[in-house]
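Protein chains in written order, with full-length UniProt numbering: chain A, 1 to 212; chain B, 1 to 212. The structure appears below as structure tokens.
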DNA sequence: ACAAAAGTGTTAAGGATACACCCATGA
DNA sequence: TCATGGGTGTATCCTTAACACTTTTGT
């Protein structure tokens, strides 16, 4: 479960209270019940940590199945990427913590690998889909959105181009309202929103496009 | 397992000899052993159908886990995309057949959905990676490569642009040799090869590139 | 010579980046 | 009116698509 907090991309980790890997940090998750599919299961697992309505997007990442990935009985994990908008601050249990993805604590099992795969997927999809909606509040200024994209991608993006690219693709639209200017003056920023809050591919083919 | 055959993208299907879904067509696969990961397992399963050395690429697709996706005991499938170069014609068992992906027979369970997901993944990766190497022979003319890309993508691509895009990206290189001209004359085509036969992303970010 | 197929040159269009400039507000 | 941050206009660059043209062969 990823969220941009304090200008950094962070992941919700849970400190293990049992062996193996006692006290190491692990991803939330759990066993699959017999009457649910993996997507239902992950939502149920996460519901134990946060309010599920705050989850703006969930998608399958990959299967991790190395026979010795966890000690003891064979355990196969289907990893998911979950996203939470930057403006919510979920109540989380005492044994969990938000950790910056680029400065992870020592993780249990292969969970570091999973987190890095999640970050990579997120970066890629921010570029060719409207996935930003899942990290952004319902309404936001271009500056705020710039901060969110910069944190998720790991490098600075230019506000002017961000707005233009997203507007051209029709994923961003002005609400017509503005925020008050900051304490040191300046033009009041306009508020924007995403036109859709469902995942859509906006830049499907870089090359080898079908002919008209 | 996908291959371009006779100018069409085809998938190797196996006709079930048992209920449920008797006589319907299904994807090759089988159960995961306790001492292997899913990638190893799929190679083992496919080895029962063809010579594994002919598999030029294998990658994870997605997990299919709907509780009722198969009748009877709960069964969760990790689907894979496997590719075979167009110039090999593997010996296949009598109960299997190559079927055109855009004209599938009635499939068992949710296997049609899996095949369509595989085709989509293949199309996308042909555009932004060097994955063509997995469908093409070791050496080929641009015309042949054009046929392969056209079949896999489902629409005609122009030979001239195909060569230019792949050359610019450095994924294609001339061998220096040529093929004899066809029966009706014409300039003898040059032979090309892929510079690498490992998957590489050649067009990583459409937008929001990191600054220089 | 002519037809056919391969390959190259050139132009045009689309989309992204960079940067200068203009706008609106608080002090 | 000045500083500050927001937003727009415009130029440039890069990549690909389209198509005309040249090259090289067989008949």
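Just so you know, even glycine gets a beta-carbon here, dropped at the ideal spot from N, CA and C. This one's a predicted model, so the numbers in the text were calculated from it and none came from an experiment.
>> Rounded to whole angstroms, what is the Cα-Cα separation between residue 151 of chain A and residue 204 of chain B?
In response: Between the alpha carbons of residue 151 of chain A and residue 204 of chain B lies a gap of roughly 19 Å.
> Can you tell me the Cα-Cα spacing of residue 100 of chain A and residue 48 of chain A, whole angstroms?
Replying inline: The straight-line gap from Cα to Cα measures roughly 21 Å.
> Based on Cα-Cα distance, which residue from B/187, B/159, B/68 lies nearest to residue 209 of chain A?
Replying inline: Here the closest residue by C-alpha is B/159.
> So, residue 89 of chain B versus residue 137 of chain B, is the Cβ gap smaller than 7 Å?
Replying inline: Going by C-beta atoms, residue 89 of chain B is not nearer than 7 Å to residue 137 of chain B.
>> Contact defined as beta carbons within less than 8 Å: I believe residue 21 of chain B pairs with residue 108 of chain B. What is the distance between those atoms, to the nearest angstrom?
In response: Contact holds; Cβ gap of about 4 Å.
> When Cβ atoms are compared, which residues of the UniProt domain "Nudix hydrolase" (1 to 122) of chain A fall closer than 7 Å to chain B?
Replying inline: Taking 7 Å as the Cβ-Cβ cut-off, the UniProt domain "Nudix hydrolase" (1 to 122) of chain A approaches chain B at 34, 35, 36, 37, 38, 60, 62, 63, 65, 66, 67, 74, 78, given in chain order.
> Can a CB atom of chain A be found closer than 7 Å to the CB of residue 201 of chain B?
Replying inline: It does not; no Cβ of chain A falls within 7 Å.
> What's the call for residue 144 of chain A, buried or exposed, on a 16-neighbour Cβ count within 10 Å?
Replying inline: So residue 144 of chain A ends up on the buried side.
>> Taking 6 Å as the limit between beta carbons, can you name the residues of its chain near residue 56 of chain A, skipping five residues before and five after?
In response: Excluding five sequence positions before and after residue 56 of chain A, the CB atoms of its chain that fall closer than 6 Å to its own CB belong to 83, 85, 134, given in chain order.
> According to the Cβ coordinates, are residue 206 of chain A and residue 206 of chain B closer than 7 Å?
Replying inline: Yes, the Cβ-Cβ distance between residue 206 of chain A and residue 206 of chain B is below 7 Å.
> From which residue to which residue does the alpha helix (DSSP H) around residue 45 of chain B run?
Replying inline: Annotation: the continuous alpha helix (DSSP H) that includes residue 45 of chain B extends over 38 to 47.
>> Assuming residue 57 of chain B is part of the beta strand (DSSP E), what are its boundary residues?
In response: In the DSSP annotation of this structure, the continuous segment of the beta strand (DSSP E) that includes residue 57 of chain B starts and ends at 57 to 64.
> Beta carbon of residue 67 of chain A, beta carbon of residue 35 of chain B: below 7 Å?
Replying inline: Taking C-beta atoms as the reference points, residue 67 of chain A and residue 35 of chain B count as a pair closer than 7 Å.
> Hey, quick one: how far does the alpha helix (DSSP H) through residue 152 of chain A stretch, first residue to last?
Replying inline: Run containing residue 152 of chain A: 142 to 153, per the alpha helix (DSSP H) assignment.
> Are there 16 or more other CB atoms within 10 angstroms of the CB of residue 3 of chain B, so buried, or fewer, so exposed?
Replying inline: Its Cβ being crowded by 16 or more others within 10 Å, residue 3 of chain B is buried.
> Since residue 211 of chain A and residue 155 of chain B are thought to touch, with beta carbons under 8 Å apart, how far apart are those beta carbons, to the nearest angstrom?
Replying inline: In this structure residue 211 of chain A is in contact with residue 155 of chain B, their Cβ atoms being roughly 7 Å apart against a cut-off of 8 Å.
> What are the boundary residues of the beta strand (DSSP E) that residue 173 of chain B is part of?
Replying inline: For residue 173 of chain B, the enclosing beta strand (DSSP E) stretches over residues 172 to 178.
>> I want to verify the contact list: residues of chain A whose CB lies under 9 Å from the CB of residue 206 of chain B, in sequence order.
In response: Result: 127, 128, 203, 206.
> Buried or exposed: where does residue 38 of chain B fall if 16 or more other Cβ atoms within 10 Å of its Cβ makes it buried?
Replying inline: Counting Cβ neighbours within 10 Å, residue 38 of chain B comes out buried, since at least 16 surround it.
>> Taking only three categories from DSSP, how would you classify residue 52 of chain A?
In response: Correct three-state label for residue 52 of chain A: helix.
> Taking only beta-carbon atoms, is residue 165 of chain B less than 7 Å away from chain A?
Replying inline: Interface residue (Cβ-Cβ distance to chain A less than 7 Å): residue 165 of chain B is classified as such.
> Three-state secondary structure (DSSP) at residue 26 of chain A?
Replying inline: Looking at residue 26 of chain A - three-state DSSP - the assignment turns out to be strand.
>> For residue 8 of chain B, tell me which candidate among B/29, B/187, B/146, B/53 has the shortest Cα-Cα distance.
In response: Checked all of B/29, B/187, B/146, B/53; the closest Cα to residue 8 of chain B is B/146.
> Considering residue 162 of chain B, what are the terminal residues of the alpha helix (DSSP H) in which it resides?
Replying inline: Under the DSSP assignment, residue 162 of chain B falls in the alpha helix (DSSP H) whose first and last residues are 159 to 168.
>> Please classify residue 177 of chain A as buried or exposed, where buried requires at least 16 neighbouring CB atoms within 10 angstroms.
In response: Under this definition residue 177 of chain A is an exposed residue.
> So what's residue 115 of chain A in DSSP terms, helix, strand or just coil?
Replying inline: Here residue 115 of chain A sits in helix by DSSP.
> What's the gap between the Cα of residue 45 of chain B and the Cα of residue 78 of chain B?
Replying inline: C-alpha of residue 45 of chain B to C-alpha of residue 78 of chain B: approximately 13 Å in a straight line.
>> Is the separation between the beta-carbon of residue 271 of chain A and that of residue 189 of chain A shorter than 7 Å?
In response: No information on residue 271 of chain A is available, as it lies outside the stretch 1 to 212 that chain A covers here.
> What residues of chain A sit near residue 145 of chain B, judged by a beta carbon separation below 8 Å?
Replying inline: Chain-ordered listing is empty here: chain A has no CB closer than 8 Å to the CB of residue 145 of chain B, the nearest sitting near 12 Å.
>> Comparing C-alpha positions only, which one of B/15, B/162, B/28, B/24 sits nearest to residue 130 of chain B?
In response: Checked all of B/15, B/162, B/28, B/24; the closest Cα to residue 130 of chain B is B/162.
>> Does residue 121 of chain A come out as helix, strand or coil in the three-state DSSP assignment?
In response: Residue 121 of chain A falls in the helix class under three-state DSSP.
> What residue range is occupied by the uninterrupted beta strand (DSSP E) comprising residue 216 of chain B?
Replying inline: Only positions 1 to 212 of chain B appear in this structure, which leaves residue 216 of chain B out of reach.
>> Bridge partners for residue 11 of chain A per DSSP, in chain order?
In response: Partner(s): A/2, A/99.
> How many Å lie between residue 30 of chain A and residue 94 of chain B at the Cα?
Replying inline: Straight through space, the alpha carbons of residue 94 of chain B and residue 30 of chain A are spaced by roughly 43 Å.
> Using the beta-carbon count (16 or more within 10 Å), is residue 75 of chain B buried or exposed?
Replying inline: By the 10 Å Cβ count, residue 75 of chain B comes out exposed.
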